[in-house]
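First up is the structure itself, then whatever we jot down about it.
Number of protein chains: 2
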Amino acid sequence: MKETDIINYIKKFGIEDEDAAYIKNDEYLCFTTDTLVFSTDVPEEMDLKTVGRKSVLMNLSDLAAMGCKPLLFLCSLNLPRDFSDIKKVIDGIHSACKEYNMKYAGGDVNEGELSISGFAVGKSKRILRRNAAKEDDLVCITGDLGRVYCYFKEAKRDIFKEKVFNPVPRIKEGQILSSYANACIDISDGASKELNLISELSNVKIELETLPIHPSVIEISKEKAFDYALNSGEEFELIFTIPKKYKNVIEKVNATVVGRVKSGEGVFYKGKKIEKKGWEHLC
Amino acid sequence: MKETDIINYIKKFGIEDEDAAYIKNDEYLCFTTDTLVFSTDVPEEMDLKTVGRKSVLMNLSDLAAMGCKPLLFLCSLNLPRDFSDIKKVIDGIHSACKEYNMKYAGGDVNEGELSISGFAVGKSKRILRRNAAKEDDLVCITGDLGRVYCYFKEAKRDIFKEKVFNPVPRIKEGQILSSYANACIDISDGASKELNLISELSNVKIELETLPIHPSVIEISKEKAFDYALNSGEEFELIFTIPKKYKNVIEKVNATVVGRVKSGEGVFYKGKKIEKKGWEHLC
Numbered sequence: 625m626k627e628t629d630i631i632n633y634i635k636k637f638g639i640e641d642e643d644a645a646y647i648k649n650d651e652y653l654c655f656t657t658d659t660l661v662f663s664t665d666v667p668e669e670m671d672l673k674t675v676g677r678k679s680v681l682m683n684l685s686d687l688a689a690m691g692c693k694p695l696l697f698l699c700s701l702n703l704p705r706d707f708s709d710i711k712k713v714i715d716g717i718h719s720a721c722k723e724y725n726m727k728y729a730g731g732d733v734n735e736g737e738l739s740i741s742g743f744a745v746g747k748s749k750r751i752l753r754r755n756a757a758k759e760d761d762l763v764c765i766t767g768d769l770g771r772v773y774c775y776f777k778e779a780k781r782d783i784f785k786e787k788v789f790n791p792v793p794r795i796k797e798g799q800i801l802s803s804y805a806n807a808c809i810d811i812s813d814g815a816s817k818e819l820n821l822i823s824e825l826s827n828v829k830i831e832l833e834t835l836p837i838h839p840s841v842i843e844i845s846k847e848k849a850f851d852y853a854l855n856s857g858e859e860f861e862l863i864f865t866i867p868k869k870y871k872n873v874i875e876k877v878n879a880t881v882v883g884r885v886k887s888g889e890g891v892f893y894k895g896k897k898i899e900k901k902g903w904e905h906l907c
Numbered sequence: 625m626k627e628t629d630i631i632n633y634i635k636k637f638g639i640e641d642e643d644a645a646y647i648k649n650d651e652y653l654c655f656t657t658d659t660l661v662f663s664t665d666v667p668e669e670m671d672l673k674t675v676g677r678k679s680v681l682m683n684l685s686d687l688a689a690m691g692c693k694p695l696l697f698l699c700s701l702n703l704p705r706d707f708s709d710i711k712k713v714i715d716g717i718h719s720a721c722k723e724y725n726m727k728y729a730g731g732d733v734n735e736g737e738l739s740i741s742g743f744a745v746g747k748s749k750r751i752l753r754r755n756a757a758k759e760d761d762l763v764c765i766t767g768d769l770g771r772v773y774c775y776f777k778e779a780k781r782d783i784f785k786e787k788v789f790n791p792v793p794r795i796k797e798g799q800i801l802s803s804y805a806n807a808c809i810d811i812s813d814g815a816s817k818e819l820n821l822i823s824e825l826s827n828v829k830i831e832l833e834t835l836p837i838h839p840s841v842i843e844i845s846k847e848k849a850f851d852y853a854l855n856s857g858e859e860f861e862l863i864f865t866i867p868k869k870y871k872n873v874i875e876k877v878n879a880t881v882v883g884r885v886k887s888g889e890g891v892f893y894k895g896k897k898i899e900k901k902g903w904e905h906l907c
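Chains as they are written, first to last, in our numbering: chain A, 625 to 907; chain B, 625 to 907.
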């Protein structure tokens, strides 16, 4: 069973985006979970402190996409019996929590294959969702794309490594966008998949015109650069849709306008349908 | 590194019980995580729906120990590539959430060794903690102890199996106790370990006088029954300390008075020190 099929099965129980939140007196508390599995998610040359940090950054990116200020982080550590370096992992978790002003509140320890399941809590006055894109919105992406894909497929250059080892969750940007944007999602599995998710959940068509491809990605991958950028996972940039009148907000969060929301369905680039390629677990 | 050492290392960052909570207008939101790892936590004869249910019940028991009403459940599912029966697990998760009136809000899916990391959110007007036992409190335990140990060590009888396959998290009891008890903990790793935790964290001595041993445990294990009950993990009963004047509350939650809180340190039974035996991960 593919990840998408599993998620669709879970959704049959009536689960929607807004369910992982609790509202109290005009303030939303939002909850998210994201797991880092060493065997599939961690490159060999990544040190354990960076691994710990990354387990936090992944969850922060989810909070950013909801427009949240981070509050609290818990995690379940699964460790093999002979694993001796857990202190480095914990130091990394603690350092990332401190950097983003989020309380590290402990969690659970188990014996098992090495993995870190993070759980983050954030708050917001207005939650950004994936199902709220509106016709005529501009589609925008923060930062740049493609370096993660190049690190794994092309070369271990420092400029690529930086984005894999120390991604920057767009926390500040998400908080700004929470007052203006309509839909938002972070790029975990690749822009092609995330754009299709916004399109499906919002019942709109997205016409893609460009992508913010990093120059070093163009240099190394040449004519494949657009495909690389489109399908590069764990970029942790935000894709958002926003009314045209907020062009100043788009500048404020250093985002690139990449397309437009239209009535209809599907994601298109120069008339061609963009399929959900990206990265899918359990394919 | 042992589980306790890991937890002590995490605590160096100043983490206390009350940190996994967020207070807003006199209401605490509490957060907890507990992971079920198939290779170590799941008996061979347990069906997958029960496995899904149990991953929820474990987390509910943590909420019960904090005196919380359950609100929301998220989980990270780690699955091997060839695992086809995930629907049964999800059905079990959904069924337990529904039974305890807790919203199942989805989560994350990954490739990896089979495990379910649950995250639960609950609320309470007053949180029960492990570090708040007071001198002269009565020490009490809900339900009965020892059946889980007997299931794994003695016999697969139905009376033992029931407690392993369908433990009852003491949600109602926890909510009642939240207005009266001082300290509270649920029995995950065995009463000997949990009693020692209350003693250490509250800086008190606990004098144990008895234990609520299930009759079938006495029948099968004879003179070892007390030891079995003391070290039986995943019982999911509550140990709490409460002022003597609340004897009616103890009756209301069907608990047994098992001892008294004194000044001093350690846990003692008939003058003999009770060590933290119980179940420890990664020993």
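Quick reminder that beta carbons are idealized off the backbone N, C-alpha and C, glycines included.
DSSP places phenylalanine 662 of chain A in the helix class (H, G or I) of the three-state scheme.
In the three-state reduction of the DSSP assignment, glutamate 818 of chain B falls in the helix class. Rounded to the nearest whole angstrom, the CA to CA distance from serine 708 of chain A to threonine 659 of chain A is 21 Å. Bounds of any beta strand (DSSP E) do not take in cysteine 774 of chain B; it lies within the alpha helix (DSSP H) bounded by 771-777. Under the Cβ criterion of 9 Å, tyrosine 646 of chain A is counted among the residues facing chain B.
Legend: CB atoms of the stretch 711-745 of chain B lying less than 7 Å from CB atoms of chain A belong to residues Lys711, Ile714, His718, Lys727, Tyr728, Ala729, Gly730, Gly731, Asp732, Val733, Asn734, Glu735, Gly736, Glu737, Ser739, Ser741, Phe743, Val745. In terms of CA proximity to phenylalanine 864 of chain B, B/Cys808 leads the group B/Cys808, B/Ile647, B/Val788, B/Asn725. Residue range 807-810 is occupied by the beta strand (DSSP E) that includes cysteine 808 of chain A.
Ranked by Cα distance from isoleucine 898 of chain A, the options A/Lys868, A/Lys871, A/Glu858, A/Phe850 are led by A/Phe850. The beta carbon of serine 719 of chain B lies closer than 8 Å to those of Lys673, Gly676, Arg677 in the same chain, with the five residues before and after it left out. Rounded to the nearest angstrom, the Cβ distance from asparagine 755 of chain B to serine 826 of chain B is 5 Å, consistent with a contact under 8 Å.
At a C-beta separation below 8 Å, asparagine 649 of chain A has these neighbours in chain B: Lys648, Asn649. With a 10 Å radius around the Cβ and a threshold of 16 neighbouring Cβ atoms, asparagine 790 of chain A comes out exposed.
In the structure shown, valine 680 of chain A falls within a helical segment according to DSSP collapsed to helix, strand and coil.
Looking only at B/Asp629, B/Tyr804, B/Glu737, the smallest Cα-Cα distance to serine 663 of chain B is reached by B/Glu737. At a Cβ-Cβ threshold of 9 Å, leucine 835 of chain A and leucine 769 of chain A count as neighbours. Boundaries for proline 793 of chain A: no alpha helix (DSSP H) harbours it, and the DSSP string shows neither H nor E there. DSSP places tyrosine 893 of chain B inside the beta strand (DSSP E), whose first and last residues are 890-893. For valine 877 of chain A, the CB contacts under 7 Å within the same chain, skipping 5 residues up- and downstream, are Thr766, Glu797, Ile800, Leu801 in chain order. For proline 793 of chain B, the closest alpha carbon among the candidates B/Cys692, B/Lys900, B/Lys846, B/Lys868 is that of B/Cys692. A residue is called buried once 16 or more other Cβ atoms fall within 10 Å of its Cβ, and aspartate 813 of chain B is buried on that count. Along the stretch 654-678 of chain B, going in chain order, the ones with a CB nearer than 7 Å to a CB of chain A are Phe655, Thr657, Asp658, Thr659, Val661, Ser663, Thr664. For proline 694 of chain A, the enclosing beta strand (DSSP E) begins and ends at 693-703. With its beta carbon at least 9 Å from every one in chain B, serine 887 of chain A lies outside the interface. At least one CB of chain B lies nearer than 9 Å to the CB of tyrosine 633 of chain A. Counted as a single uninterrupted DSSP element, the alpha helix (DSSP H) harbouring asparagine 872 of chain B occupies residues 871-876. Using beta-carbon distances, cysteine 808 of chain A does not count as an interface residue toward chain B, since no partner is under 9 Å. Excluding the 5 residues flanking it on each side, proline 694 of chain B has same chain C-beta neighbours closer than 7 Å at Leu684, Leu687, Tyr724, Asn725, Met726, Ala744, Gly746, Ile795, in chain order. Taking C-beta atoms as the reference points, lysine 780 of chain A and glutamate 889 of chain A fail to come closer than 9 Å.
If you check the CB distance, aspartate 761 of chain A and lysine 829 of chain A do not come in under 9 Å. The DSSP-derived three-state label of lysine 758 of chain A is coil.
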